[in-house]
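Chains A and B supply the protein sequences, listed in that same order. Numbered continuously in this note's numbering, the first sequence closes out at residue 325. Numbered continuously in this note's numbering, the second sequence closes out at residue 650. First the structure, in the form of structure tokens, and then the observations on it.
Protein chains: 2
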Amino acid sequence: MIDEQILSVLRTSADYYVSGEELCKLSDISRAAIWKHIENLRAEGYEIEASPHLGYRLIAVPDSLIPAEIKWNIKTKVLGKEVISFKKVDSTNAVAYGLAEKGVKEGAVVLAEEQAKGKGRHGRRWISPSKGGIYMSCVLRPEIAPGEIAKITLAAAVAVAKAIRLSSGLSAMIKWPNDILVNNRKVCGILTEMKAEQDSVDFIILGIGVNVNTQSRYLPKGASSLREEMRRMGWDEALSRIEISRKILEKLEEYYFLLKKDGFKPIIEEWKAFSAMLGSRVRIMLPGRSFEGHAHDVDSDGSLLVRRDEGIIEKVSSGDVVVVR
Amino acid sequence: MIDEQILSVLRTSADYYVSGEELCKLSDISRAAIWKHIENLRAEGYEIEASPHLGYRLIAVPDSLIPAEIKWNIKTKVLGKEVISFKKVDSTNAVAYGLAEKGVKEGAVVLAEEQAKGKGRHGRRWISPSKGGIYMSCVLRPEIAPGEIAKITLAAAVAVAKAIRLSSGLSAMIKWPNDILVNNRKVCGILTEMKAEQDSVDFIILGIGVNVNTQSRYLPKGASSLREEMRRMGWDEALSRIEISRKILEKLEEYYFLLKKDGFKPIIEEWKAFSAMLGSRVRIMLPGRSFEGHAHDVDSDGSLLVRRDEGIIEKVSSGDVVVVR
């Protein structure tokens with residue numbers, strides 16, 4: 001709490017020195033105590049200059065996924081108002097799921113620098129090295145039926161694709177239902193899990209993994225990171241994981257609210273504009289069978305509509321898709 | 326294990342005495358050890374006669390929801406092959422949910438004589454006194470999409486209604502979606518909970534609470550028990566909770582397999598035949614609004630179709646229904 005107060009003052013006076021005396025007034029503590037808090041902040045990665053006569057000055061903030069940074073100046077009403085960060089967890093989705101079961105409010109966000117057992121769809125792994133990724137899980141409590149969960153996943157895919165575009169300038173595309181591709185390489189995955197009764201969702205955990213600065217050698221085949229794709233484009237800007245996380249949360253909230261207010265239609269239109277496969281020949285892999293066809297459209301409930309060679313339109317609400325070349 | 330072996334021998338020789346010597350051969354243990362196991366069984370409620378010269382004879386089995394009794398001679402392949410029983414738990418659904426998260430197999434069943442926090446729909450309570458109820462939760466792992474969960478609930482309602490009819494002779498009816506009524510009083514409730522990803526169910530917990538021998542004074546208003554309803558009919562047979570539990574598990578499995586094999590259509594036909602409200606005037610209560618109409622039919626996905634006075638058919642997939650008289 002005092003750390004955050006000190007940080008806030010230093011931030012708003014980034015061009016000046018703030019005297020130890022001034023900081024003491026903040027919360028009525030001694031100069032020795034202030035010094036201790038400054039040391040705490042430095043340990044977290046904040047670069048703070050200390051001049052015996054002038055006082056303290058904030059030089060740089062760390063690009064760590066710590067609550068104070070994520071929450072600072074975030075333009076959301078609900079998402080990210082509560083943030084819990086870890087250096088390493090088994091799975092941010094599992095932690096968020098546990099918190100949601102204990103009643104944590106909608107909008108709580110769990111972040112980690114590294115996941116030991118990052119979850120992908122259908123029990124698969126999401127490789128989550130501590131090499132510059134964002135591993136984030138959000139608790140949502142929408143008043144929807146379990147069958148409508150695809151709408152949330154697709155709205156999230158649009159939100160994250162847009163956040164990546166705005167943060168990096170890369171042409172992020174969506175691969176149905178929940179992958180984000182750049183130059184046809186997977187840079188982000190979304191895993192939606194829920195607890196529900198027959199007719200109502202209790203909560204949804206929206207898990208988002210983004211490879212931001214991660215180098216290819218730490219990633220599985222077919223995967224890439226924003227950094228690697230920018231390099232490929234010859235771009236050299238630095239990427240701030242903090243800013244990307246904040247942008248993702250802002251866009252998620254924007255589309256989540258839009259879904260509540262105007263329904264799924266405007267979202268599906270944006271989804272189609274980002275789609276990496278509509279119009280392509282695809283192979284659909286379901287448990288026990290697979291077939292090829294033409295990815296024709298997305299249905300009003302978020303299912304993929306595939307026109308088979310015999311002319312039949314098949315509605316696909318689960319399974320994996322690959323584009324056939 | 327040895328308890329169950331001894332019990333099995335005593336059961337098959339219920340009209341005879343089995344000598345201690347014979348029992349010793351079963352598992353190569355001493356007569357003193359046999360005596361100890363007999364004492365265990367007596368503590369569980371088994372009445373076992375011991376004659377110094379003749380041996381042991383099974384007089385009566387307890388009507389407790391203990392695994393050995395539930396599993397004995399049960400005609401199922403999956404459901405109830407693993408049974409875990411409690412004198413008292415907070416909620417059998419919560420226990421089963423926890424086991425399912427840890428990977429327990431499909432078909433595991435959790436039973437309790439009493440629930441401190443029995444769950445009803447939408448965070449309500451299911452009053453669960455230790456006065457002759459069955460509180461049961463089954464773990465299912467169907468390969469379905471989350472939107473199809475209503476099919477499981479409705480199949481379960483048909484199965485349980487049938488099991489109650491076969492066990493008691495009472496005309497059990499179904500109130501959409503998940504209550505079982507006898508003479509318009511609620512004798513049983515079904516609560517389906519699940520953990521799922523966007524396109525696939527991880528597991529379903531099917532919670533079933535049946536008031537079997539429970540007296541009215543222990544039950545909330547509008548509720549009754551099989552025993553009370555039989556009394557009302559002037560019937561005097563005893564009801565065995567063990568036999569009813571077994572019958573419920575057998576019928577659940579039968580309809581669950583039927584759903585897998587032949588789909589929802591044959592089940593929905595049986596559901597309609599048991600329906601306590603199709604054809605009646607009903608009031609539908611949804612969060613924030615309610616309306617009246619004519620309960621017209623059930624849709625292919627398990628939703629209730631209500632014809633409003635203006636002639637519009639409204640599809641109801643959640644909420645509460647009361648019959649308007």
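For each residue, glycine too, the CB sits at the ideal point set by N, CA and C. All figures in this text were calculated on a predicted structure; none of them were measured in a lab.
List, in order along the chain, the chain B residues whose C-beta lies closer than 7 angstroms to that of residue i?
{"i": "R283(A)", "result": "Those do not exist, as R283(A) stays about 17 angstroms from chain B at its closest Cβ, beyond 7 angstroms."}
{"i": "T153(A)", "result": "Q523"}
Evaluate residue i with the Cβ neighbour count: other Cβ atoms within 10 Å of its Cβ, from every protein chain shown; 16 or more gives buried, anything less gives exposed.
{"i": "I313(A)", "result": "exposed"}
{"i": "S355(B)", "result": "exposed"}
{"i": "L10(A)", "result": "buried"}
{"i": "D504(B)", "result": "buried"}
{"i": "H362(B)", "result": "buried"}
{"i": "P177(A)", "result": "buried"}
{"i": "E39(A)", "result": "exposed"}
{"i": "I469(B)", "result": "buried"}
{"i": "M233(A)", "result": "exposed"}
{"i": "E228(A)", "result": "buried"}
{"i": "G423(B)", "result": "exposed"}
{"i": "M230(A)", "result": "buried"}
{"i": "P146(A)", "result": "buried"}
{"i": "T76(A)", "result": "buried"}
Which residues does DSSP list as the beta-bridge partners of residue i?
{"i": "Y381(B)", "result": "V343(B), A375(B)"}
{"i": "N536(B)", "result": "G458(B)"}
{"i": "K500(B)", "result": "D504(B)"}
{"i": "M519(B)", "result": "A196(A), I529(B)"}
{"i": "V321(A)", "result": "I284(A)"}
{"i": "G514(B)", "result": "D504(B), G534(B)"}
{"i": "I84(A)", "result": "V110(A)"}
{"i": "A161(A)", "result": "None, per the DSSP bridge assignment."}
{"i": "K396(B)", "result": "Bridge partners of K396(B): none, in fact."}
{"i": "V139(A)", "result": "I205(A)"}
{"i": "Q115(A)", "result": "V89(A)"}
{"i": "A548(B)", "result": "K511(B)"}
{"i": "R125(A)", "result": "K119(A)"}
Kindly list the residues whose CB is nearer than 8 angstroms to the CB of residue i, restricted to its own chain and excluding five residues on each side of it in sequence; keep chain order.
{"i": "R125(A)", "result": "K117, G118, K119"}
{"i": "I204(A)", "result": "V139, L140, R141, P142, I149, I152, T192, E193, M194"}
{"i": "S280(A)", "result": "H294, A295, V323, V324"}
{"i": "E254(A)", "result": "A159"}
{"i": "L278(A)", "result": "K272, A295, H296, D297, V298"}
{"i": "L54(A)", "result": "Y17, S19"}
How would you list, in chain order, the residues of chain B whose beta-carbon sits under 9 angstroms from the beta-carbon of residue i?
{"i": "M194(A)", "result": "P471, M519, K520, A521, E522, Q523"}
{"i": "L191(A)", "result": "E522, Q523"}
Starting from the beta carbon of residue i, find every residue of chain A whose beta carbon is closer than 8 angstroms, and list them in chain order.
{"i": "R466(B)", "result": "The premise fails here: R466(B) is roughly 12 angstroms from chain A at the closest Cβ pair, so nothing lies under 8 angstroms."}
{"i": "A475(B)", "result": "Q198, D199"}
{"i": "G545(B)", "result": "The sequence given here has Pro at residue 545(B), not Gly. Going along chain A, no residue has its Cβ under 8 angstroms from P545(B), so there is no contact; the nearest lies around 20 angstroms."}
Applying a beta-carbon distance threshold of less than 7 angstroms, which residues of chain A neighbour residue i?
{"i": "S643(B)", "result": "A145, D199, S200"}
{"i": "P612(B)", "result": "E143"}
I'd like the list of long-range same chain contacts for residue i, defined as Cβ closer than 6 angstroms, with 5 residues on each side in sequence excluded.
{"i": "W596(B)", "result": "L479, V483"}
{"i": "R382(B)", "result": "Y342, E374"}
{"i": "L26(A)", "result": "Q5"}
{"i": "T539(B)", "result": "K456, G457, G458, S550"}
{"i": "F264(A)", "result": "K151"}
Let's see if you can read the secondary structure: which residues bound the alpha helix (DSSP H) around residue i?
{"i": "G423(B)", "result": "417-426"}
{"i": "A470(B)", "result": "No alpha helix (DSSP H) holds A470(B); DSSP gives it neither H nor E."}
{"i": "S245(A)", "result": "241-262"}
{"i": "E594(B)", "result": "590-599"}
{"i": "I354(B)", "result": "Element bounds for I354(B): n/a, residue is neither H nor E."}
{"i": "M326(B)", "result": "First-last for M326(B): undefined, no H or E at that position."}
Please compile the residues from chain B whose C-beta is within a distance smaller than 8 angstroms of the C-beta of residue i.
{"i": "H122(A)", "result": "E522, S525"}
{"i": "P177(A)", "result": "Q523, D524"}
In chain order, what residues of the same chain have a beta carbon less than 7 angstroms from the beta carbon of residue i, not counting five sequence neighbours either side?
{"i": "S376(B)", "result": "Y342"}
{"i": "K396(B)", "result": "G405, V408"}
{"i": "G370(B)", "result": "P387, S389"}
{"i": "D645(B)", "result": "M610"}
{"i": "A548(B)", "result": "R510, K511, N536"}
{"i": "S91(A)", "result": "Q115, K117, G118, K119"}
Along the beta strand (DSSP E) that carries residue i, what are the first and last residues, could you check?
{"i": "H296(A)", "result": "289-298"}
{"i": "D634(B)", "result": "Premise fails: D634(B) is in no beta strand (DSSP E) and is neither H nor E."}
{"i": "I313(A)", "result": "313-316"}
Compute every distance between the C-beta of residue i and the non-hydrogen atoms of the ligand ATP, then say whether any falls below 7 angstroms.
{"i": "R283(A)", "result": "Among the components modelled here there is no ligand, and therefore nothing to report on the ligand ATP."}
Within 8 angstroms of any Cβ in chain E, is that where the Cβ of residue i sits?
{"i": "W271(A)", "result": "Protein chains in the displayed structure are A and B, and chain E is not among them."}
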